[in-house]
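Right, one structure below, let's go through it.
Number of protein chains: 2
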Amino acid sequence: MPIKPISSRDNSLYKELKLLAASSQARRKEGRTLLDGVHLCESYLLQVGKPLLCIVGETAMRNDEVATILRRCDDLSAQTILLPDHLFNALSQVENGIDILFLIETPQLAQPPCLSRSAVLLDRVQDPGNFGSIVRSAAAAGIEQVFCSAGTTFAWSPKVMRAGMGAHFLLAIYEHVDLADLLERTDIPVVATSSHAQQRIYDLDLTQPVAWLFGHEGQGVADGLLECATHRVTIPHLGAIESLNVAASAAVCFFEQVRQRMTHYPP
Amino acid sequence: MPIKPISSRDNSLYKELKLLAASSQARRKEGRTLLDGVHLCESYLLQVGKPLLCIVGETAMRNDEVATILRRCDDLSAQTILLPDHLFNALSQVENGIDILFLIETPQLAQPPCLSRSAVLLDRVQDPGNFGSIVRSAAAAGIEQVFCSAGTTFAWSPKVMRAGMGAHFLLAIYEHVDLADLLERTDIPVVATSSHAQQRIYDLDLTQPVAWLFGHEGQGVADGLLECATHRVTIPHLGAIESLNVAASAAVCFFEQVRQRMTHYPP
Numbered sequence: 001m002p003i004k005p006i007s008s009r010d011n012s013l014y015k016e017l018k019l020l021a022a023s024s025q026a027r028r029k030e031g032r033t034l035l036d037g038v039h040l041c042e043s044y045l046l047q048v049g050k051p052l053l054c055i056v057g058e059t060a061m062r063n064d065e066v067a068t069i070l071r072r073c074d075d076l077s078a079q080t081i082l083l084p085d086h087l088f089n090a091l092s093q094v095e096n097g098i099d100i101l102f103l104i105e106t107p108q109l110a111q112p113p114c115l116s117r118s119a120v121l122l123d124r125v126q127d128p129g130n131f132g133s134i135v136r137s138a139a140a141a142g143i144e145q146v147f148c149s150a151g152t153t154f155a156w157s158p159k160v161m162r163a164g165m166g167a168h169f170l171l172a173i174y175e176h177v178d179l180a181d182l183l184e185r186t187d188i189p190v191v192a193t194s195s196h197a198q199q200r201i202y203d204l205d206l207t208q209p210v211a212w213l214f215g216h217e218g219q220g221v222a223d224g225l226l227e228c229a230t231h232r233v234t235i236p237h238l239g240a241i242e243s244l245n246v247a248a249s250a251a252v253c254f255f256e257q258v259r260q261r262m263t264h265y266p267p
Numbered sequence: 001m002p003i004k005p006i007s008s009r010d011n012s013l014y015k016e017l018k019l020l021a022a023s024s025q026a027r028r029k030e031g032r033t034l035l036d037g038v039h040l041c042e043s044y045l046l047q048v049g050k051p052l053l054c055i056v057g058e059t060a061m062r063n064d065e066v067a068t069i070l071r072r073c074d075d076l077s078a079q080t081i082l083l084p085d086h087l088f089n090a091l092s093q094v095e096n097g098i099d100i101l102f103l104i105e106t107p108q109l110a111q112p113p114c115l116s117r118s119a120v121l122l123d124r125v126q127d128p129g130n131f132g133s134i135v136r137s138a139a140a141a142g143i144e145q146v147f148c149s150a151g152t153t154f155a156w157s158p159k160v161m162r163a164g165m166g167a168h169f170l171l172a173i174y175e176h177v178d179l180a181d182l183l184e185r186t187d188i189p190v191v192a193t194s195s196h197a198q199q200r201i202y203d204l205d206l207t208q209p210v211a212w213l214f215g216h217e218g219q220g221v222a223d224g225l226l227e228c229a230t231h232r233v234t235i236p237h238l239g240a241i242e243s244l245n246v247a248a249s250a251a252v253c254f255f256e257q258v259r260q261r262m263t264h265y266p267p
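Line by line, the protein sequences give chains F and C. Take the first sequence: its letter number 209 is residue 209 in full-length UniProt numbering, and every next letter is one higher. Take the second sequence: its letter number 39 is residue 39 in full-length UniProt numbering, and every next letter is one higher.
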């Protein structure tokens, strides 16, 4: 499929892409988003497949990694759009990156009827970097599902996806979930961290699947939800600081589970 | 000491504060920075003591937590400046926060001659949120020192300090450190994580003090430095993702050490 050049900022497709790049509301409404940079585009090709569109800047055309991606897009009959660098830069938030974007559809998944597989539940997590780091750690730890309450940052924004480093394509992510309702239909333990809890995370058996519950950066998990957790555990501290960043906390939890599983089921 | 109102944006002290708020270069040059919000100001009073100046917005004067901070500043003979809200807002990056700032001196510490206490070494870590999360986790894990290479984000920027949540005041932070040189003078093991390493972090004895080495978000630890580490370990993964965010990785390492120490030296 021939590469299609666009050179005018008044081109209707370009204007549509620019709106998606700038507006979180447009991304939600259209059910589409942009993947920024070589790594995310490679991950998408590997884990999902054909993008709606590949968009590349003129200078980036000379890059070897980009050439490989363009060949793969061509194999999949995905259209590639070529932009002058200045038009490309208006679509990208990555400075000094390699100028390639994918336009993709954000998956619209039907929520499963109950919690039965290893999962993360996010109650109003605000920061895109935290959200991205949590899904990245979750995917690395072999967790399969992410459930987000209303009020959690949008899972498919460019910032979240950059921080997620491709984890989005390995997990099933459900948004606008009524977590209280979901917690009534769970077949597995639900574990929340709380600095007020007595039980140490190291003393909880994590060799079986669990659902992890994390909350808002300032306020933590809402009280009503915290009561629905089957276990409240603390990450013990040795220093005089009250709590960890939510993404750091999540990483400690997920990899304590990995450690226990590897010890319990040696390879 | 009476509270001093400033109402003009042309006031020379206000102009000086505004420069510090806006310019990382000015903060480095002056050796001064601003702490933003109730939590950081409270931590500073508790861990360090008297600020150079307390700055408060008119509306925030009615807040109880602010009133407590102002009383403490008065006890310590620290000057408080009162600003109309619109002047205060031009100094602060926190939206919807409580309008209080401290002006403080950034500690200028003489670098210790060798590595002999538990420490974190940061090689060109770029992201303020990552840096802040790492020092927060380090302080919670009882680590005492942080050594930063040239090219690491400035430790005392408002963004880093917000993410650090007061950890800055519990740790000795050394900037512009020649890490290769420091690694030649170490009395303790130096541990770096690497996805190419064979040894699992869970199999390394971490009951004694170690220095942890973490690197640039994209490039990792520079090869020359990685070779100087006494141990290279991997955080084993169960999922199909290559690596963790550097702050997530640091949290897993620090709290694996906490776990081992708590197991080895039960309370």
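The beta-carbon is built from N, C-alpha and C at its ideal position, and this holds for glycine as well.
Chain F partners of F255/C, CB-CB under 8 Å?
-> The contacting residues are I235, V252 and E256.
Would you grab the beta carbon distance between A247/F and D123/F for me? Rounded to a whole angstrom, and I think it's under 8 Å.
-> Rounded, the Cβ-Cβ distance is 14 Å, inconsistent with contact.
Outcome for R232/C when other beta-carbon atoms lying within 10 angstroms are tallied against a minimum of 16 | buried
Pick from L182/F, A141/F, R136/F and G142/F that is closest to R162/F, judged by C-alpha positions | R136/F
Ends of the alpha helix (DSSP H) at A22/C?
-> In the DSSP annotation of this structure, the continuous segment of the alpha helix (DSSP H) that includes A22/C starts and ends at S12 to A22.
Stretch-stretch touch, CB-based, cutoff 8 Å, three pairs: the segment 248–257 of chain F with the segment 152–162 of chain F | no
8 Å Cβ cutoff, R117/C in contact with chain F = Closer than 8 Å: no.
Any idea which residues DSSP pairs W212/F with across the strands?
-> V120/F and V191/F
Can a CB atom of chain C be found closer than 8 Å to the CB of I104/F?
-> Judged by the 8 Å Cβ criterion, I104/F is not in contact with chain C.
Return helix, strand or coil for F131/C, following the three-state DSSP convention.
-> Three-state result, F131/C: helix.
Selected residue, minimal CA-CA separation from K225/C, among E217/C, L204/C, A192/C and P209/C = Sequence inspection shows Leu at residue 225/C; the Lys mentioned does not correspond to that position. Of the candidates E217/C, L204/C, A192/C and P209/C, the one whose C-alpha sits nearest the C-alpha of L225/C is A192/C.
Interface positions of the segment 28–61 of chain C facing chain F (Cβ-Cβ less than 7 Å), listed along the chain | none
Counting pairs of beta carbons, one from the segment 116–135 of chain C and one from the segment 92–99 of chain C, are three or more of them closer than 8 Å?
-> No, because fewer than three Cβ pairs between the segment 116–135 of chain C and the segment 92–99 of chain C fall closer than 8 Å, the two stretches do not touch.
CB of T186/C within 8 Å of CB of R261/C, strictly = no
Straight-line CA distance for H39/F to L46/F?
-> 11 Å
Between the segment 79–87 of chain F and the segment 48–56 of chain F, are three or more C-beta pairs nearer than 8 Å?
-> yes
Run the CB neighbour count on M1/F, radius 10 Å, all protein chains shown included, and call it buried at 16 or more, exposed below.
-> exposed
Should E41/C go down as buried or exposed, given a rule of 16 or more other Cβ atoms within 10 Å for buried?
-> A small fix is needed here, since residue 41/C is Cys in this sequence, not Glu. So C41/C ends up on the buried side.
If the cut is a Cβ gap below 8 Å, which residues of chain C does A139/F touch?
-> G239, A240 and I241
Under a Cβ-count criterion, where at least 16 other Cβ atoms within 10 Å of its own Cβ denotes burial, should Q199/F be classed as buried or exposed?
-> exposed
With 8 Å set as the bound, which would you pick, yes or no: does the beta-carbon of G97/C sit closer than that to a beta-carbon of chain F?
-> no
Environment of T153/C [buried if 16+ CB atoms lie within 10 Å] | buried
For R27/C, does the count of other Cβ atoms within 10 angstroms reach 16, so buried, or fall short, so exposed?
-> buried
Which residues bound the beta strand (DSSP E) around E105/C?
-> I100 to E105
Under a three-way DSSP split, which group does residue 269/C fall into?
-> As shown, chain C starts at 1 and ends at 267. That puts residue 269/C outside it, with no answer to give.
G166/C versus I6/C, L35/C, Y14/C and L13/C, residue with shortest Cα-Cα distance = L35/C
Buried/exposed call for L109/C, threshold 16 Cβ in 10 Å | Exposed: under 16 other Cβ atoms inside 10 Å.
May I have the straight-line CA-CA distance separating G142/C from I69/C, to the nearest angstrom?
-> 27 Å
Simplified DSSP assignment, three categories, for Q199/C = strand
Within 8 Å (strictly less), CB to CB, does N11/C reach chain F?
-> no
At what residues does the beta strand (DSSP E) containing T152/F begin and finish?
-> Taken as a continuous stretch (DSSP letters only), T152/F belongs to no beta strand (DSSP E), as it is neither H nor E.
Looking only at DSSP bridge pairs, what is C228/C linked to?
-> C228/C pairs with nothing; no bridge assigned.
Short Cβ contact (8 Å threshold) for F147/F with V177/F = Taking 8 Å as the cut-off, the beta carbon of F147/F is found closer than this to the beta carbon of V177/F.
Give the residues of chain C in contact with Y202/F, contact being defined as C-beta atoms less than 8 Å apart.
-> Near Y202/F (Cβ distances below 8 Å), the residues of chain C are R259, M262 and T263.
Backbone secondary structure at I173/C - three-state DSSP = strand
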